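Protein sequence lines, in the order shown, are assigned to chains A and B. The first sequence begins at 4 in this note's numbering and counts up by one. The second sequence begins at 4 in this note's numbering and counts up by one. Cβ coordinates follow ideal geometry from the N, Cα and C atoms, glycine included. Just so we're clear, the structure is a prediction, and the values are computed from it rather than from any experiment. Reading through the structure tokens given below for one structure.
2 protein chains.
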Amino acid sequence: MELRHVAYAVAVVDAGGVSAAAEAVHVSQPSLSRQLRQLEADLGVTLFERGSGPLRPTRACLALLPALRELLALAGRVEEQTAVHARGGLDRVVVAAPNVTLTDVVSPFVATLGADDPVLDVRPEDSRLPADMLAAGADLAIGTRPPAAPARWRPLATLPVWAYVRPGDPWAGRVQVPLSELVERRLVLLPRPFTSREALEAALTAAGAPAPAGVLEAASGPIAQALAAAGRGVAVVSDDARHDLVPLAVRLPAGAGDAGRLTIRLVVAWDSRAPAQAGLSALADRLAAFVTSRYGG
Amino acid sequence: MELRHVAYAVAVVDAGGVSAAAEAVHVSQPSLSRQLRQLEADLGVTLFERGSGPLRPTRACLALLPALRELLALAGRVEEQTAVHARGGLDRVVVAAPNVTLTDVVSPFVATLGADDPVLDVRPEDSRLPADMLAAGADLAIGTRPPAAPARWRPLATLPVWAYVRPGDPWAGRVQVPLSELVERRLVLLPRPFTSREALEAALTAAGAPAPAGVLEAASGPIAQALAAAGRGVAVVSDDARHDLVPLAVRLPAGAGDAGRLTIRLVVAWDSRAPAQAGLSALADRLAAFVTSRYGG
DNA sequence: CTCGCGCCATGCCCGAGAGGCATGACGTGC
DNA sequence: GCACGTCATGCCTCTCGGGCATGGCGCGAG
Chain A
4 MELRHVAYAV AVVDAGGVSA AAEAVHVSQP SLSRQLRQLE ADLGVTLFER
54 GSGPLRPTRA CLALLPALRE LLALAGRVEE QTAVHARGGL DRVVVAAPNV
104 TLTDVVSPFV ATLGADDPVL DVRPEDSRLP ADMLAAGADL AIGTRPPAAP
154 ARWRPLATLP VWAYVRPGDP WAGRVQVPLS ELVERRLVLL PRPFTSREAL
204 EAALTAAGAP APAGVLEAAS GPIAQALAAA GRGVAVVSDD ARHDLVPLAV
254 RLPAGAGDAG RLTIRLVVAW DSRAPAQAGL SALADRLAAF VTSRYGG
Chain B
4 MELRHVAYAV AVVDAGGVSA AAEAVHVSQP SLSRQLRQLE ADLGVTLFER
54 GSGPLRPTRA CLALLPALRE LLALAGRVEE QTAVHARGGL DRVVVAAPNV
104 TLTDVVSPFV ATLGADDPVL DVRPEDSRLP ADMLAAGADL AIGTRPPAAP
154 ARWRPLATLP VWAYVRPGDP WAGRVQVPLS ELVERRLVLL PRPFTSREAL
204 EAALTAAGAP APAGVLEAAS GPIAQALAAA GRGVAVVSDD ARHDLVPLAV
254 RLPAGAGDAG RLTIRLVVAW DSRAPAQAGL SALADRLAAF VTSRYGG
């Protein structure tokens, strides 16, 4: 019996099914399904009844459940306690992230931390690759592309890319604009390595849409918005709204996933071999939970 | 953090060092050493001070120790509790073993089991290979050769092979006899597949000793002893003494290991994929502990 | 009635990790 | 100074956890 298996079993009970639990514990549904059976074989007890629909805990499972929860809680307390004894581990955590994310995501999260929590040493980063940030000394890195092993990562959020128009614009009354219409306008975009730009171009390629009628490059999100506010074009960025700009979702052709809107995926990553890895992953989970509650997943 | 790692760390503290702990938890010393470092990295805490001699727990480790022990105790209780709910798992456990082992080892162990323990359904087996016994439906198998993966096994005991002479024999006053002298006598041996026979012949080959002067084959250990009691030769078997026979250790040439005596190794094996695997390994551990306390390892 | 959708299980493959063996570095005691 | 006991490290194997793709299966909508 391993703690991981116990956590999986409890997650299945709480989530009411394997599929839902798999999402909660960040593994695929087949993997979780197999781990469950392994735990059952290991203990020699049938924990779940299979059959129609979501599987349901057996009587034995429910009887064990309190002890299993206690086991997890105790393990959690041990890991917390280690933070106290950690030498140079979680007193300071260096968080690296692109600028947009820092202002819109990390800063609000830092504001929610208590006195017991580690001090987050936030550092803006040019690279979009979490792997590079980790190599540069960051403990946690936020970016758009999952790093390769042995780094670990977790999905953080799926943020929409907005097309910002000023209040007087003909589109100002709409809530979304199709990609095909968007390219007919002059666009204010960020330079290439920025994710909103890359996501837009990838979507254009995938949809077979023509190149935008005109492109104006801005050095940062706020500047792009300022240009849009000045009527120089439609700013396509993922920043939150400024200057009273009106955000429009960018509608993609059907079947493109992400609810048909242009989005960018954020991930949070850390080094699996770093000291206090348990603490880092816990912090990453809290950050993900915070973002989910704030942006609604 | 996984329960296995916790168990390892506690074992190291209790045993006072990696090497001793490795034996206690049945893994090799290098493996245990690495797991420890992994646990430290995972928690972000230095648990042991390395340096001269056996490593010693740090202050942080000692602070965590009670919680770790509690964690293991709780996990143990959960596994015990599962035995109660196990369906057809550990109510009956089929134990297969060679005849000698059954009478001399398993039976006394069965006598020590309480009402809460599973019923051991003991079955004598001709094969010396635990793998065959498991394939034949046994839950636990006792034999002389460790099975291949995915079966799991544990060393059970190292039993001496005795040279039995009757009280009136010229050797009756001795406690041991060298292999070279033994072969000059007429010997009462078991047939080939029996382990005492195979061990003897392997030792003869290894020592370059001549073949025994004369061999009388007996169908079983007790019969061999009966023949020895009748003065028909020296019985070389691993059974406990009967018929007032005098046991002599068989001395091997130096460097042959096993404290220079002819011995056979016993192992207990089970199927890692069997239901109630946790209960089986616990039972195997208890059996090993019993044998150790009875035969002094 | 049938089709589609949401469940979970299974087959396949890959990579990480745990394990063993052999060996090396380091201290201690004879 | 040498033998021995400690733990660490390199190398290899093999299990197992994980993901993707796919297959049954029941239920509900059309």
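Identify which residue in B:T295, B:A285, B:D17, B:R148 has its Cα closest to the Cα of B:A78.
-> B:A285
Residue environment, B:D274, which counts as buried when at least 16 other CB atoms sit within 10 Å | buried
Using the beta-carbon of each residue, which ones in chain B are nearer than 8 Å to A:T85?
-> Those within 8 Å of A:T85 in chain B are L46, G47, V48, A63, L67.
From B:S223, B:S34, B:V21, B:A23, residue whose alpha carbon lies closest to that of B:R195 | Minimum Cα distance to B:R195 is reached at B:S223.
Between A:V270 and A:A287, what straight-line distance do the alpha-carbon atoms span, to the nearest angstrom?
-> 10 Å
Given A:L251, which residues of its chain have a CB within under 7 Å of its CB, disregarding the five upstream and five downstream residues?
-> W165, A166, V168, W174, R177, V178, Q179, V180
Can you find a CB in chain A that lies within less than 9 Å of the CB of B:A138?
-> no
Name the residue from B:A232, B:R188, B:G146 whose alpha carbon lies nearest to the alpha carbon of B:V218.
-> Nearest option by C-alpha distance: B:R188.
If you scan the region 205-266 of chain A from start to end, which runs of the beta strand (DSSP E) of 3 or more residues do you find wholly inside it?
-> 217-220, 237-240, 249-254
Would you identify the three-state DSSP class for B:F197, choosing helix, strand or coil?
-> The three-state reading of DSSP puts B:F197 in coil, since its state is none of H, G, I, E or B.
Do B:L71 and B:A23 have their CB atoms nearer than 9 Å?
-> no
Same chain, Cβ closer than 7 Å to B:Y298, five either side skipped, listed in chain order = A160, L162
Tell me whether A:G54 is buried or exposed, calling it buried when 16 or more other Cβ atoms sit within 10 Å of its Cβ.
-> exposed
Hey, how far is the Cα of B:A100 from the Cα of B:L290?
-> 13 Å
To the nearest angstrom, report how far apart A:V30 and A:P121 are at their CA atoms.
-> 27 Å
Is B:P215 closer than 9 Å to B:L185 when the C-beta atoms are compared?
-> yes
Does A:V218 come within less than 9 Å of chain B when only Cβ atoms are used?
-> It does not; no Cβ of chain B falls within 9 Å.
Looking at chain A, which residues of the region 268-300 of chain B have a Cβ within less than 8 Å of any of its Cβ atoms?
-> R276, A277, P278, A279, Q280, A281, G282
Under 8 Å from the C-beta of A:A70: neighbouring residues of chain B | L77, R80, V81, Q84
Whole alpha helix (DSSP H) elements within the region 133-158 of chain B, 4-residue minimum | 133-138
Counting only beta-carbon atoms, is B:L143 nearer than 9 Å to chain A?
-> no
Member of A:M4, A:R276, A:L190 whose CA lies at the smallest distance from the CA of A:D142 = A:R276
Using 9 Å as the limit for Cβ to Cβ distance, is B:L203 near chain A?
-> no
Of the listed residues B:A44, B:V21, B:L42, B:E43, nearest to B:P33 (C-alpha basis) | When only C-alpha atoms are compared, the closest one is B:V21.
Between the C-alpha atoms of A:A259 and A:A212, what's the straight-line distance to the nearest angstrom?
-> Because A:A259 sits at a pLDDT of 48, beneath the cut-off of 50, its placement in the model cannot be relied upon, and the following sentence gives the value as read from the coordinates. If I take the Cα positions, the gap works out to 14 Å.
Which residues does DSSP pair with B:A100 in a beta bridge?
-> B:P127
Count the other CB atoms, across all protein chains shown, that sit within 10 Å of the CB of A:R155; report buried if there are 16 or more and exposed otherwise.
-> A:R155 comes out buried.
Name, in chain order, the residues that DSSP records as bridge partners for B:E52.
-> B:R59
Between which two residues does the beta strand (DSSP E) carrying B:V30 extend?
-> Segment: none, B:V30 is in no beta strand (DSSP E) and carries neither H nor E.
Give the DSSP-derived three-state secondary structure of A:R169 in the structure shown.
-> coil
Quick one: is A:D242 buried, meaning 16 or more other Cβ sit within 10 Å of its Cβ, or exposed?
-> buried
Would you mind stating whether B:E73 and A:M4 have Cβ atoms separated by less than 9 Å?
-> no
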